[in-house]
């Protein structure tokens, strides 16, 4: 309805300290809107988002936000993603399992990155939560 705020759209538009949109902040915000997710700091300052204790989004360290890279697990979009400058297979053997690291350098449109965040959630989450997402429950 006209005049009502769209909470999903609002989650896609967070701003950083300078009032500029940050891919990392937008990815985090979108991810936290999915069913049964939690944010965690499993290694020193590194931030991740999990669904039922399984990581689906790596956000890196807060102190390195200017050089931010995010990590997502892709299936359907993996080959497309690897065709972009600024996207590479993730290190530590994760790339062999569909994980990619995306640089926050503008080489990939933010909306596409946000689609990849959702794809990563759908790839890692149990089918029951994917059905909830599709039904719009807890979103």
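Numbering (the UniProt record's numbering), first residue to last: 1 to 139. Ideal Cβ placement from N, Cα and C applies to all residues, glycine included. Note that the coordinates shown come from a computational prediction; the quantities given were computed from them, not determined experimentally.
Using the rule of at least 16 other Cβ atoms within 10 Å of the residue's Cβ for burial, across every protein chain shown, is residue i buried or exposed?
{"i": "residue 69", "result": "buried"}
{"i": "residue 59", "result": "buried"}
{"i": "residue 131", "result": "exposed"}
{"i": "residue 125", "result": "buried"}
{"i": "residue 127", "result": "exposed"}
{"i": "residue 123", "result": "buried"}
Measure the alpha-carbon distance for residue i versus residue j and round it to whole angstroms.
{"i": "residue 110", "j": "residue 23", "result": "6 Å"}
{"i": "residue 55", "j": "residue 129", "result": "15 Å"}
{"i": "residue 99", "j": "residue 32", "result": "19 Å"}
{"i": "residue 136", "j": "residue 47", "result": "26 Å"}
{"i": "residue 25", "j": "residue 117", "result": "12 Å"}
{"i": "residue 28", "j": "residue 121", "result": "12 Å"}
{"i": "residue 84", "j": "residue 53", "result": "30 Å"}
{"i": "residue 78", "j": "residue 51", "result": "20 Å"}
{"i": "residue 97", "j": "residue 112", "result": "20 Å"}
{"i": "residue 101", "j": "residue 74", "result": "11 Å"}
Taking residue i as the reference, which of the options has the closest Cα?
{"i": "residue 72", "options": "36, 112, 57", "result": "57"}
{"i": "residue 103", "options": "88, 117, 61", "result": "88"}
{"i": "residue 82", "options": "107, 39, 51", "result": "107"}
Can the beta-carbon of residue i be found less than 9 Å from the beta-carbon of residue j?
{"i": "residue 34", "j": "residue 114", "result": "no"}
{"i": "residue 119", "j": "residue 76", "result": "yes"}
{"i": "residue 62", "j": "residue 86", "result": "no"}
{"i": "residue 49", "j": "residue 38", "result": "yes"}
Would residue i pass as an interface residue toward chain C - the criterion being a Cβ-Cβ separation below 9 Å?
{"i": "residue 90", "result": "Given the protein chain composition of this structure (a single chain), no chain C is represented."}
Any chance the segment 83-96 sits against the segment 38-52, with 3 or more Cβ pairs inside 8 Å? no
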